Every structure is written in structure tokens, then in C-alpha cells.
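So the protein lines, in turn, are chains V and X.
The opening residue of the first sequence carries number 1 in this note's numbering; numbering runs sequentially from there.
The opening residue of the second sequence carries number 1 in this note's numbering; numbering runs sequentially from there.
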Amino acid sequence: MKKFLLFLVKGCALLLVTLVLLDVLYTAVYLQSDSRSKIDYLYNSKDKNYDVVFLGSSRVNNHFVPEIFNKAGYKTFNFGITRSRLDESALMLQMMVERNYKIKHLILQVDLNINTNDHSEAIRSLFMPYLQTSKTIREYYSDLPEYNQLLYIPFYRYMHYDARIGFREMYYSAIHKKTNVLENDGFHPLLNGPDKLVPADLSKYYPKRNKGYETIKAICKKNNIHLIALTTPMCMETINRDYFNHIQKVYPEILRFENAVSDDKYFSTCGHLNKDGAIEYTKVVFNALFKPKK
Amino acid sequence: MFFNSLHFAIFLPIVFILYWFVGGKSKINQNYILILASYYFYSCWDWRFLFLLVFSTLLDYVSAMKIEKSETTSQRKMWLWVCVTINLGFLGVFKYYNFFASSFAELVHSFGFTASPILLKLILPVGISFYTFHGLSYIIDIYYNRIKAEKNFVDYSLFVSYFPLLVAGPIERATHLLPQLKVNRKFEFQKAKEGIYQIVWGLVKKVVIADSCAIYANDIFNHYNSMNSWSLILGAVYFAFQIYGDFSGYSDIALGTSKLFGIDLLRNFNYPYFSRDIAEFWRKWHISLSSWFRDYLYIPLGGSKGNKLFQVRNTFIIFLVSGFWHGANFTYVAWGLINALYFLPLLLLNQNRKNVDDFTLGFNFDSVRTLFSILTTFSLTCIAWIFFRSKTITDAILYIKRMFENHKFNSEYFRIERYSNELLALVLVFVIIEWNNRHKLEPISGKWSWVKLSLCLAAIAALGVFSDYKEFIYFQF
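Below, the structure written as C-alpha cells:
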């Protein structure tokens with residue numbers, strides 16, 4: 001039995017060493033990766049100056065064309081991430097502040113995402129490689145139930161979020177396989193949709209006060225960033241468009257742009273514009289809120 | 001409580017310590033500790049079904065005594081049938097009642113009548129198919145005077161409810177397990193070490209191979225009508241490795257866990273995908289169930305005695321029952337039927353025991369032929385798995401039709417944001433490891449065992465699927 005217990009102790013030590021080595025390897029790979037996602041790009045950049053930054057979900061990622069702003073003399077980047085919620089947008093803004101970004105205007109999509117105070121597990125996982133190296137991320141997630149395991153058990157975070165930051169993603173990062181997320185200054189255009197759009201149903205959506213949005217407002221106020229919170233287009237077939245009226249009851253400062261583009265030819269799906277729609281919409285927003293510098 | 005859960009990782013060391021350090025000196029204490037641990041293990045799913053397990057145990061125990069004490073054959077037969085009927089009755093109600101009721105209603109409907117069957121809202125008690133068969137084998141062995149009835153209720157209860165095999169087998173025989181429970185177990189370092197290696201390898205099969213394959217196979221089977229031929233072929237292959245990794249991984253963990261308590265369980269898998277024909281496959285796949293059906297159904301039916309027609313009938317009965325044992329769905333029956341059809345030519349040509357010897361591969365024509373036989377058998381098995389995995393028989397037929405008719409073989413990008421062939425390299429590495437170690441229980445033992453162990457641990461941590469947790473497939477049976 002003594003021999004077996006010694007065998008088990010050795011086995012546990014081996015497991016610990018294996019986990020530590022894997023953790024070191026994965027973290028080292030992610031720390032040098034800056035072209036796989038907007039989050040690794042953000043983590044590995046510093047001292048950037050932007051006139052305009054966009055934050056939000058796919059309804060930002062696919063809707064705002066930075067080129068239009070850039071041509072008008074505004075240095076702009078689209079940091080919208082598909083599936084991101086306001087919880088992740090708030091952390092991204094905090095990271096921008098931590099990385100010493102200078103931002104004049106922040107355009108934030110606030111529409112369907114204030115239906116919930118929940119987070120996106122898929123996007124949260126992309127922050128996890130930097131949990132030990134970024135004080136901002138550590139503090140932001142300090143109230144997670146599994147925070148101690150994520151921080152102190154070697155390799156736990158990579159196992160817990162294996163679908164997004166597991167071996168597959170680590171391997172692609174190690175060989176510097178690029179994605180297209182950083183092309184077009186962060187804008188990802190969608191293709192044309194079907195002739196007849198499938199209506200989005202917002203009948204179960206209720207706008208609520210949102211913790212992420214409140215955090216973003218506070219960060220902007222503290223760092224002198226001009227916050228522009230706005231809604232983005234939904235197709236006319238959408239069920240319960242009254243939802244947008246309710247948004248303004250909860251947050252009156254939110255600007256209404258959900259009708260800025262309405263023709264079905266501009267939509268890829270009911271909730272997402274195609275490339276032409278995105279250009280039209282960006283122009284409408286720009287003309288309403290900005291003036292060309294040059 | 002699953003074998004790949006944190007709960008089990010805490011439970012097992014506690015039971016191990018209690019077993020060897022508190023109960024180690026007497027067989028009675030060892031058995032008490034194991035039975036309490038087993039009942040706790042089972043109650044973690046649903047404590048209410050513990051009563052069913054205890055009742056089934058009690059029924060078999062009493063019936064066995066009655067059979068043994070009966071003075072006339074008719075009395076023996078009566079007790080046998082009482083026990084078999086009640087056991088199968090429970091299995092029938094919990095597992096098959098709704099299926100038969102709704103199938104009957106559909107049949108009546110097809111004749112233009114209407115029937116509204118009363119469907120029961122029942123949860124299938126986990127492991128019921130396994131412990132029912134456990135008990136039945138014991139009773140039948142008593143009836144045929146192969147063994148003596150067990151007098152000690154605790155020992156018998158442990159035989160039925162021993163936690164490593166309780167929920168998904170292997171289906172043990174009283175002749176094999178009960179004698180081990182009748183003696184005080186002495187700790188053996190070598191056996192315990194083998195157990196750990198088997199547990200680790202079982203986890204590799206489950207969380208690395210089965211669960212990774214499941215992600216792809218699920219996406220392909222759920223959207224088969226929009227997939228091309230290549231993806232559909234991969235879907236069948238991935239499911240073949242999913243179910244193999246899942247079930248044989250479970251069996252490895254069960255056997256390894258049992259070895260920690262000094263108890264050997266029956267081997268359930270013997271590298272079935274390296275079989276040269278379907279008969280060999282069935283001698284190597286889910287061995288404890290195949291041999292159960294052979295001993296308690298096929299042989300009593302007459303087995304391979306009598307004329308060919310008689311043998312064919314028996315073979316079809318075995319495969320259909322085996323398919324139906326897996327679940328109340330016509331897809332399982334079709335799966336059984338297809339395997340019977342695969343078996344038929346071998347039976348008619350007296351070739352069903354042709355490939356019982358060991359073999360090696362070299363650079364010669366025989367090896368090419370062997371390799372071709374292995375690939376053919378695997379392909380046939382994959383086609384049969386399509387029926388096993390599909391929701392309906394129609395889905396399975398459409399899947400196969402599309403696989404052969406689409407004629408597009410480019411790698412597709414799936415909804416799960418992965419390419420269809422991304423997993424192939426991992427599956428290939430797994431096959432090579434299994435091939436090189438096919439004469440052993442697991443590949444870790446032997447030379448460089450510490451290096452191999454650390455590689456397995458690294459594979460579990462780095463390649464395992466943890467965020468998309470999947471239960472063991474055979475728990476539902």
C-alpha cells in the first residue's frame with residue numbers, strides 16, 4: 001500500500017507539473033498573439049489615439065463602416081464583436097483605458113442587448129488568457145463564483161473555456177493563422193439576404209437597466225470620453241417594434257436609429273444589415289452626429 | 001455522479017481509504033463499505049429508484065433460494081418464471097411501455113381507427129437494463145444448477161449493485177464476480193497500478209476522443225440534409241469513434257476502478273474496430289452483453305444446432321433482441337437487423353468462426369487482404385451506426401442516400417465554426433495508439449510508463465472537452 005500511495009503522490013505531482021507547463025505554454029502563445037480576435041489585438045496594443053470607437057455586438061461589427069469616418073478625417077475602429085453583450089463591452093472599454101487609449105467619441109450600440117444583464121460565455125472566454133497578466137480583467141471578474149479556480153489552478157481556465165481558448169485556438173495562435181476580424185478596421189460586411197426576410201420577434205423583449213451600460217457611462221465620464229449610445233436597424237417586419245420606445249423610457253439619452261435604414265434590400269437578416277445597408281446606415285449616423293474634418 | 005466528474009474524483013478516494021484502511025481486515029467490512037458506497041452512488045441520480053434496485057435484488061435473492069429448495073421441476077420452473085416475469089415487467093414498464101402504446105396507436109391509426117393510448121410520464125431508472133440482466137443471469141444459472149444460491153444477502157446485494165458496474169455494465173456473471181466477493185481482498189500494488197492506468201486511458205477515450213467526436217457528429221447528424229458526401233462520411237466515422245470512446249472508455253474506468261478494490265470485472269471491449277469480419281466484431285464489442293445473449297438466449301433457443309434455417313432464425317432473434325435492448329426505438333431494431341444481415345453470409349458459408357486467431361501485418365499480400373477486411377468491416381459497422389444514431393429510420397435512410405448521391409467531397413465549414421475534417425488527425429493518432437497496443441488492456445503500462453502517463457494527462461487537460469459536458473451514451477440504456 002505504501003508503494004501505491006507513493007505512486008499516487010508521484011502521479012499527482014506529474015499532473016501538477018503537466019498542468020503548469022501547459023498553462024505556461026498556452027499563456028505564452030496568447031500573449032504574443034494579436035491577430036486572432038479584437039480582444040487579443042486590444043491586449044497587445046497600447047497608446048492608440050482614436051477619434052471614434054464603436055462597441056457592441058454583431059449589430060456593430062456588421063453595421064458600422066470605419067472607412068466612412070476615416071475618410072472624413074476621424075480615426076476610427078470598430079471593436080464590435082459578434083455575440084458580445086454590454087458586460088464584455090464594458091470590460092473592453094476598461095482595457096482600452098488600461099492600455100492608455102485616447103478616445104474622443106465612443107459609439108455604443110444599446111438596443112437588444114439591454115434586454116438582459118447576462119454575459120456572453122463565448123466572449124468572456126477570450127479574456128481568460130490574460131487573467132493573470134491584466135489587473136483590469138482580474139478585478140472585473142473577481143466576483144465570479146469560480147474566480148479562485150480560474151486564477152490559481154494551473155490550466156483550469158483553458159479547460160473551463162476549452163471551446164474558445166482550448167488547443168485548437170492556441171494552435172492557430174501559435175502558427176499565427178490570421179482571421180479576418182481586424183480587416184476593414186474591424187468592420188465585417190455581410191452578404192445580401194434572402195428575398196423575404198424572416199421577421200425577428202421582440203415580443204418577449206423588455207428593456208431593463210443594465211449594469212454593463214452603467215459601467216460604460218461611468219468610465220466615459222471619468223475619462224472624458226463622449227458617449228453616444230444608439231440603436232441600430234431592424235427590418236420593418238420585426239414583431240413588437242414598440243420595444244424601441246420602451247428603451248427610451250428606461251434610458252432617455254439613447255439615440256434612435258433603428259429606422260435609419262428600412263428597405264429590405266439593405267438587410268442580410270432581419271437584425272443585420274448587408275454591406276450596402278451598413279454603408280447607408282453609417283452615412284446616416286455620421287451625417288447626423290459628425291461633420292467632416294477635411 | 002459520472003465517472004468523469006469532480007464528484008466521483010472525491011467519492012472514489014474516500015471509498016478507497018475506507019475500504020482498505022477501515023474494512024481491509026475483513027471481507028464482511030469490505031463488502032459493507034462497498035455496498036453503502038454503491039447505494040450512495042446510485043442515489044446520486046435519483047434516490048427513489050434505490051427502492052427498485054433493492055426490490056429487484058430481494059426478488060432475485062428470494063427466488064434463487066426458492067428455486068434451489070424446490071423439490072419438483074414444476075416448482076422450480078414456476079419460481080423462475082415469477083422472477084423473470086417481474087424483472088422483465090419492470091424493464092418493460094419503465095423502458096418500453098410508452099413505445100409499445102404509441103406504436104400500437106399508430107398501427108391502429110393506419111387501419112383507419114383512432115386510439116388514444118395512455119402514456120406514462122416515467123423517468124428511465126439509470127442502469128435498469130444492466131442490473132436486470134445481472135439478476136436474470138444469476139437466476140437462470142441457479143435454475144440450470146450451474147451455481148448454488150447465495151445465502152448471504154449482503155454479498156448478493158453487492159453482486160447486483162457494485163458501483164463500478166451498476167449503471168452501464170459490464171454485465172457480470174455470478175460465476176465470475178460472486179466468488180471474488182466471498183473472500184477477503186488483499187491489496188496488490190500491481191493490480192491497483194493497472195487500475196489507475198486503465199482509468200486514465202478510459203478518461204482519454206471519453207473526454208478526448210468521444211466528446212470531441214460528439215461535437216462534430218452531433219452537428220452533422222442534426223443537419224445532415226445540408227451536408228455533402230464527405231461530411232456525411234465523416235459524421236458516420238466520428239459517431240463510430242464517439243460511441244466506441246464513450247462506452248469502452250466507461251468500461252475501462254469501471255474495470256480500473258474495480259481493480260483498486262482488488263476485484264476483476266469482465267472485459268467488455270477488445271479493440272473491435274480491428275475486426276476482420278462482423279462475427280469477430282461481435283466477439284469484441286460489448287462482450288459482456290453479446291456473451292449474455294449467447295448463453296441465455298441463443299443457446300437455449302438451440303444455438304447453432306439444427307439446420308441452417310433454424311440457425312438463421314436464432315441469429316436474427318439474437319440481433320433483434322440485442323437492438324431492442326438498447327432502447328425503445330425502431331432505429332435500434334433496424335441496427336440489430338442490419339447486423340444480422342451482415343452476419344448472415346458468414347453463417348450460411350460457415351465462415352463465422354474463420355477469424356478467431358491473432359494476426360500481424362507485414363509487407364505481403366495477406367496483410368493487404370487483412371487490412372481490406374478490417375476497413376470493410378469498419379465501413380459496414382459505420383453504416384449500421386447511422387441507424388443507431390439517427391432519430392428515425394427515415395432520417396437514417398435519407399442520410400445514407402445523400403451520402404452516396406451528393407458526390408461532393410470538399411471540406412465544409414460547420415455551424416459549430418469548425419471545418420469538417422479538423423478532427424481526423426486526432427482520430428488517426430488514436431487508431432495508431434490502439435493498433436500498437438492491441439495486445440494489452442491499455443497503452444500506458446510497460447516501458448516509459450511515466451512518460452506515457454504524462455502524455456495522457458496532458459491530452460486529457462489540453463484536448464479534452466469540458467465546456468460541452470456529455471453524459472455517457474450507455475447510461476440511457
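Where is the CB? At the ideal position from N, CA and C, for every residue including glycine.
Since this is a predicted model, take the numbers as computed values, not measurements.
Is it true that the CB of residue j sits closer than 9 Å to the CB of residue i?
i: residue 236 of chain X; j: residue 383 of chain X; result: yes
i: residue 48 of chain V; j: residue 95 of chain V; result: no
i: residue 257 of chain V; j: residue 292 of chain V; result: no
i: residue 284 of chain X; j: residue 331 of chain X; result: no
i: residue 310 of chain X; j: residue 337 of chain X; result: no
i: residue 151 of chain V; j: residue 132 of chain V; result: yes
i: residue 90 of chain X; j: residue 43 of chain X; result: no
i: residue 212 of chain V; j: residue 86 of chain V; result: yes
i: residue 62 of chain V; j: residue 80 of chain V; result: yes
i: residue 38 of chain V; j: residue 92 of chain V; result: yes
i: residue 441 of chain X; j: residue 252 of chain X; result: yes
i: residue 32 of chain X; j: residue 154 of chain X; result: yes
i: residue 294 of chain X; j: residue 355 of chain X; result: no
i: residue 381 of chain X; j: residue 344 of chain X; result: no
i: residue 418 of chain X; j: residue 221 of chain X; result: no
Flag residue i as yes if its beta-carbon sits less than 9 Å from any beta-carbon of chain X, otherwise no.
i: residue 243 of chain V; result: no
i: residue 163 of chain V; result: yes
i: residue 60 of chain V; result: no
i: residue 177 of chain V; result: no
i: residue 36 of chain V; result: no
i: residue 158 of chain V; result: yes
i: residue 271 of chain V; result: no
i: residue 1 of chain V; result: yes
i: residue 65 of chain V; result: no
i: residue 127 of chain V; result: no
Which of the three DSSP states is assigned to residue i in this structure?
i: residue 163 of chain X; result: helix
i: residue 226 of chain V; result: strand
i: residue 77 of chain V; result: strand
i: residue 416 of chain X; result: coil
i: residue 117 of chain V; result: coil
i: residue 134 of chain X; result: helix
i: residue 439 of chain X; result: coil
i: residue 205 of chain V; result: coil
i: residue 141 of chain V; result: coil
i: residue 36 of chain X; result: helix
i: residue 239 of chain V; result: strand
i: residue 361 of chain X; result: coil
i: residue 455 of chain X; result: helix
i: residue 63 of chain V; result: coil
Could you give the residue range of the beta strand (DSSP E) that holds residue i?
i: residue 102 of chain V; result: 102-109
i: residue 269 of chain V; result: 267-269
i: residue 51 of chain V; result: 49-55
Would you verify that the beta carbon of residue i is, or is not, closer than 9 Å to some beta carbon of chain V?
i: residue 467 of chain X; result: yes
i: residue 418 of chain X; result: yes
i: residue 412 of chain X; result: no
i: residue 234 of chain X; result: no
i: residue 196 of chain X; result: yes
i: residue 71 of chain X; result: no
i: residue 20 of chain X; result: yes
i: residue 202 of chain X; result: no
Might you give, ordered along the chain, the residues of its own chain that have their beta carbon closer than 8 Å to the beta carbon of residue i, omitting 5 neighbours on each side?
i: residue 228 of chain V; result: 105, 106, 107, 108, 255 and 289
i: residue 436 of chain X; result: 443
i: residue 284 of chain V; result: 257, 260 and 261
i: residue 363 of chain X; result: none
i: residue 159 of chain X; result: 134, 138, 150, 172, 174, 177, 178 and 181
The alpha helix (DSSP H) spanning residue i covers which residue range?
i: residue 18 of chain X; result: Note, residue 18 of chain X: premise wrong, no alpha helix (DSSP H); not H, not E.
i: residue 97 of chain V; result: 86-98
i: residue 23 of chain X; result: Here residue 23 of chain X belongs to no alpha helix (DSSP H), and DSSP marks it neither H nor E.
i: residue 162 of chain V; result: 162-165
i: residue 222 of chain X; result: 211-222
i: residue 231 of chain X; result: 229-260
i: residue 313 of chain X; result: 308-326
Apart from the five residues on each side of it in sequence, which residues of its chain come closer than 7 Å, Cβ to Cβ, to residue i?
i: residue 83 of chain X; result: 59, 60, 63 and 139
i: residue 263 of chain X; result: 180 and 185
i: residue 143 of chain X; result: 67, 76 and 80
Tell me which same chain residues have a C-beta within less than 6 Å of the C-beta of residue i, skipping the five on either side of it?
i: residue 282 of chain X; result: 290
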